[in-house]
Amino acid sequence: MVVHIMNDAVNIDAVRTAARSLGPGSGVLRGPLIPAALSGRLGLEVLLKLETLQPTGAFKLRGATHAVRCLTGEEARRGVVCCSTGNHGRAVAFAARARGIPAVVCLSSLVTQVKVEAVAALGARVVRHGASQDEAQVMADRLARDEGLVPLPPFDHPHVIAGQGTIGLELLEDRPDLETVLVPLSGGGLLAGIAVAVKALKPSVRVIGVSMERGAAMAASLAAGHPVEVPELPTLADSLGGGIGLENRHSFALCRDLVDEVVLLTEAEIYQGMRWMLLRERMVVEGAAAVGVAALLAGKVRARGPTALIVSGQNVDMEQVLAIGRGEPVALGDIIVENRT
Ligand SMILES: *Cc1c(COP(=O)(O)O)cnc(C)c1O
Numbered sequence: 017m018v019v020h021i022m023n024d025a026v027n028i029d030a031v032r033t034a035a036r037s038l039g040p041g042s043g044v045l046r047g048p049l050i051p052a053a054l055s056g057r058l059g060l061e062v063l064l065k066l067e068t069l070q071p072t073g074a075f076k077l078r079g080a081t082h083a084v085r086c087l088t089g090e091e092a093r094r095g096v097v098c099c100s101t102g103n104h105g106r107a108v109a110f111a112a113r114a115r116g117i118p119a120v121v122c123l124s125s126l127v128t129q130v131k132v133e134a135v136a137a138l139g140a141r142v143v144r145h146g147a148s149q150d151e152a153q154v155m156a157d158r159l160a161r162d163e164g165l166v167p168l169p170p171f172d173h174p175h176v177i178a179g180q181g182t183i184g185l186e187l188l189e190d191r192p193d194l195e196t197v198l199v200p201l202s203g204g205g206l207l208a209g210i211a212v213a214v215k216a217l218k219p220s221v222r223v224i225g226v227s228m229e230r231g232a233a234m235a236a237s238l239a240a241g242h243p244v245e246v247p248e249l250p251t252l253a254d255s256l257g258g259g260i261g262l263e264n265r266h267s268f269a270l271c272r273d274l275v276d277e278v279v280l281l282t283e284a285e286i287y288q289g290m291r292w293m294l295l296r297e298r299m300v301v302e303g304a305a306a307v308g309v310a311a312l313l314a315g316k317v318r319a320r321g322p323t324a325l326i327v328s329g330q331n332v333d334m335e336q337v338l339a340i341g342r343g344e345p346v347a348l349g350d351i352i353v354e355n356r357t
């Protein structure tokens, strides 16, 4: 297979540069790749890449740290602003504090309290605005304009994508025989970065994105052939909410050109993925991080060979994950998700 990368802002060299910037002393951890209990059930070698162990509890620290380290001295003095479903905001707050620069994080009312508190605890200024990710973004744009802050978007930014792509390098360093990788998909920074790295080093690896059915903006955009908007709805995979931006410049084209397949999950399937992660893998993870397991359990992807799942974050409301562990229904806005096996 010949891969044509139209987008030369993010290539394997950019990912290698990010890997150097995220080495020891950067605050970013190299999460281990461990065997999953799920392997026995499926007769497939399943490996879990534990981004849950990052100091902010999610992989977003990679992209945010690389982007903050790439700021010029003048940009660093102005400070940064972002909008986030929570994990990017926390990562930006952490990275900004590490460099000693100001950060403002805009969060919509859909962002869970646990994430809001974590961002504030890192010393960032938190601005609650709007009922959706897109509305919070409007506020971030306004603050960038009015206060001269440097915008640091959660996925559509070359340094952010290259930072997330370092996961792809590590996967192939640890397991050169890797054949399939399942990646949680929202704005596509994580998927695009991993796809850039993996397809450059080993094009035969199948790279699969996994989103929820409720509000899968990238899947809808790929189907339409251009970025489109979809309504944002409450989901167990709250970190996967939000649009990809109608003015998307990087992540859409990279996902379109490099990704083999995108699969969508129901809330009941995500529930079962979270339940499996807690009870069988014995890990507390957020819904977004359980979509790989959920997709395999639901039989929605036919993986072959050593298969890596990106366990992308652990910043979940503990009441929710404990309820799921006990098999209790979970209310999400207008719907109730039940334990249906
Ligand atoms: C942001 C996020 C994702 C999705 O990453 P994108 O780059 O937006 O596709 C997946 N899982 C978790 C835990 C996240 O915070």
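The numbering of the sequence shown is my numbering, which starts it at 17 and goes up by one. Virtual Cβ for every residue (Gly too), placed ideally from N, Cα, C.
Reduced DSSP secondary structure (H/G/I, E/B, other) of residue i
i      : result
Pro200 : strand
Pro167 : strand
Val223 : strand
Ala347 : strand
Val19  : With a pLDDT of 43 at Val19, under the threshold of 50, the modelled position of this residue cannot be trusted; read the value that follows with caution. Of the three classes helix, strand and coil, the one that applies to Val19 here is coil, per DSSP.
Gly241 : coil
Glu277 : strand
Lys215 : helix
Met299 : coil
Val62  : strand
Pro48  : coil
Thr68  : helix
Gly209 : helix
Leu15  : Since the displayed the chain opens at 17 and closes at 357, residue 15 lies outside it and no answer follows.
Gly179 : helix
Leu77  : helix
Leu249 : coil
Gly366 : Because the chain in this structure spans residues 17 to 357, residue 366 falls outside the shown range and cannot be described.
Thr33  : helix
Ala319 : coil
Ala25  : coil
Ile286 : helix
Ile352 : strand
Ala235 : helix
Ala324 : strand
Residue i classed as buried or exposed, judged by whether at least 16 other C-beta atoms fall within 10 angstroms
i      : result
Ser267 : buried
Thr81  : buried
Glu283 : buried
Arg320 : exposed
Ser37  : buried
Ala239 : exposed
Leu338 : exposed
Glu354 : exposed
Asp29  : exposed
Pro174 : buried
Thr88  : exposed
Ile326 : buried
Arg291 : buried
Met17  : With a pLDDT of 40 at Met17, under the threshold of 50, the modelled position of that residue is not reliable, and the figure given next carries that caveat. Its Cβ having fewer than 16 others within 10 Å, Met17 is exposed.
Ala347 : exposed
Asp350 : exposed
Ile50  : exposed
Gly315 : exposed
Asp254 : buried
Leu262 : exposed
Val311 : The sequence shown places Ala at residue 311, not Val. Counting Cβ neighbours within 10 Å, Ala311 comes out buried, since at least 16 surround it.
Met293 : buried
Ser100 : buried
Pro192 : exposed
Contact test: residue i Cβ vs ligand 1 heavy atom, cutoff 7 Å
i      : result
Asn103 : yes
Ala305 : yes
Lys316 : no
Phe171 : yes
Ala156 : no
Glu302 : yes
Pro250 : no
Leu168 : no
Pro200 : yes
Gly366 : Absent from the structure is residue 366, since the part of the chain shown begins at 17 and ends at 357.
Leu69  : no
Gly329 : yes
Leu280 : no
Ala211 : no
Leu256 : yes
Lys76  : yes
Check: residue i C-beta below 7 Å from any heavy atom of ligand 2
i      : result
Gly205 : Among the ligands modelled here, namely ligand 1, ligand 2 does not occur.
Complete alpha helix (DSSP H) runs within the stretch 81 to 158 (minimum length 4 residues, chain order): Residue ranges of uninterrupted alpha helix (DSSP H) with 4 or more members, entirely inside the stretch 81 to 158 and ordered along the chain, are 89 to 94, 103 to 115, 129 to 137.
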